[in-house]
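Accompanying notes for the structure given below.
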Amino acid sequence: MSERTELPTINPPAGRIAIVADGNSPDPDDLGATAVSIALLRATGLEDRLVHYSHSCDLERVERISEAAEKERHALMQAACDVTARRWGGFENLTFFDAKWQQDETVRDLAAAINASTAENPLWIIEAGEPDIIGLALNASKKSKHKFVKVVTHHPANDDAGDFYTWQQIMDFGVEEVRIPDQNVHLKVGLAEWDWAKNHPDPRVQWIWIQGKIAENDDVVSFQKGKWDCSDAGMVLYWITGATNGGLTQGTVADVKEILLNYIEAK
Numbered sequence: 043m044s045e046r047t048e049l050p051t052i053n054p055p056a057g058r059i060a061i062v063a064d065g066n067s068p069d070p071d072d073l074g075a076t077a078v079s080i081a082l083l084r085a086t087g088l089e090d091r092l093v094h095y096s097h098s099c100d101l102e103r104v105e106r107i108s109e110a111a112e113k114e115r116h117a118l119m120q121a122a123c124d125v126t127a128r129r130w131g132g133f134e135n136l137t138f139f140d141a142k143w144q145q146d147e148t149v150r151d152l153a154a155a156i157n158a159s160t161a162e163n164p165l166w167i168i169e170a171g172e173p174d175i176i177g178l179a180l181n182a183s184k185k186s187k188h189k190f191v192k193v194v195t196h197h198p199a200n201d202d203a204g205d206f207y208t209w210q211q212i213m214d215f216g217v218e219e220v221r222i223p224d225q226n227v228h229l230k231v232g233l234a235e236w237d238w239a240k241n242h243p244d245p246r247v248q249w250i251w252i253q254g255k256i257a258e259n260d261d262v263v264s265f266q267k268g269k270w271d272c273s274d275a276g277m278v279l280y281w282i283t284g285a286t287n288g289g290l291t292q293g294t295v296a297d298v299k300e301i302l303l304n305y306i307e308a309k
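For the sequence shown, my numbering gives the first residue as 43, with consecutive numbering after it.
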């Protein structure tokens, strides 16, 4: 990963973006994905287009993760949001919600973003976790606005994991499904592919690497060992590079690297 590649074309679609992530479930990959997603939006000058971010959207704890371990995850995810946003800047007017511990506030905030949608200003919801919060917000919002909502997904592990809503029930609200290939293919990689961030002199870049390393070092699951995983951030990469108008459907670590370092070096 020492060589540099071509900078991806930045060509976001019309509208705003909302991200609903988990991270409090057994898989800790949303730590790295959250940091990368926030940094990508800032690095491309699109931070003002992010109108909702919530984490820990897994509303029912499973036995695989203990109550104490899940509590740690909530704290880690909040830090991944708040510290990345502060260090990279530009998100001062955005609240990063804990979807499980602030469920009512989270649903109201996402419903308000849905209600502000129009044909010219649609809302793109990134489904980076279970779909329940999206379903609750759709249920709490105006039915007439649902046709202006697009839900981006890349993996049935999220779609089918809801405790209260199935994926079909989300579709039944009348939103548009935007499905891209599994982002784990190129964004769940060996640790060495992120050495460029680990060894970078800018602490903003090092901070991002730390989030993925925390997930790799998790003691609840073993399937992240040796991996640096920001797979859900692939949906944000797809959006900022064009979404349904030629966006990167299989983004890579090299694409993330070029966007972030281009921003860092220009400052």
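Each residue gets a CB set at the ideal place from its N, CA and C atoms; glycine is no exception.
So residue i packs on residue j, CB below 8 angstroms; how close in whole Å?
i    : j    : result
P223 : D201 : Contact flag wrong, Cβ pair sits at about 14 angstroms.
D100 : S79  : D100 to S79, Cβ: 18 angstroms. No contact.
A155 : R58  : 7 angstroms
L73  : L118 : 6 angstroms
V191 : L165 : 5 angstroms
G276 : Q225 : 3 angstroms
According to DSSP, is residue i part of a helix, a strand, or is it coil?
i    : result
W251 : helix
A285 : coil
T126 : helix
D90  : helix
M43  : Only weak support is given to the placement of M43: the predicted model assigns it a pLDDT of 43, under 50, and the question is left unresolved by the model.
F215 : coil
A110 : helix
V262 : coil
R103 : coil
If you draw a straight line from the C-alpha of residue i to the C-alpha of residue j, how long is it?
i    : j    : result
A111 : F215 : 34 angstroms
N287 : E109 : 43 angstroms
L83  : L303 : 13 angstroms
I212 : D64  : 17 angstroms
F139 : L88  : 20 angstroms
H97  : A122 : 10 angstroms
N163 : A60  : 13 angstroms
L178 : V149 : 6 angstroms
D205 : I175 : 10 angstroms
A308 : W270 : 26 angstroms
M43  : H242 : In this predicted model, M43 has a pLDDT of only 43, less than 50, meaning its place in the structure is not dependable enough to derive any value.
L180 : R46  : 42 angstroms
G254 : V220 : 26 angstroms
W281 : S264 : 30 angstroms
Y95  : D237 : 28 angstroms
I250 : E218 : 32 angstroms
Give me, in chain order, the residues of the same chain whose beta-carbon lies closer than 6 angstroms to that of residue i; leave out the 5 immediate sequence neighbours on both sides.
i    : result
A127 : I80 and F133
K187 : I156, N157 and S159
G293 : G276 and L279
Ordered along the chain, which non-local residues of its own chain (more than five positions away) have a Cβ less than 7 angstroms from that of residue i?
i    : result
T283 : P50, T51, I52, N53, G289 and L290
Enumerate in chain order the residues of its own chain whose CB-to-CB distance from residue i is below 8 angstroms, with the five nearest sequence positions on each side excluded.
i    : result
Q248 : A239, K240 and H242
A182 : V149, R150 and A153
A17  : Outside the shown range of the chain, which is 43 to 309, sits residue 17, and nothing can be said about it.
G268 : G232, L233 and E258
query: Unbroken alpha helix (DSSP H) runs of length 4 or more, entirely within the region 134 to 222: which are they?
result: Counting only runs of 4 or more, we get 145 to 157, 174 to 182, 198 to 201 and 209 to 213.
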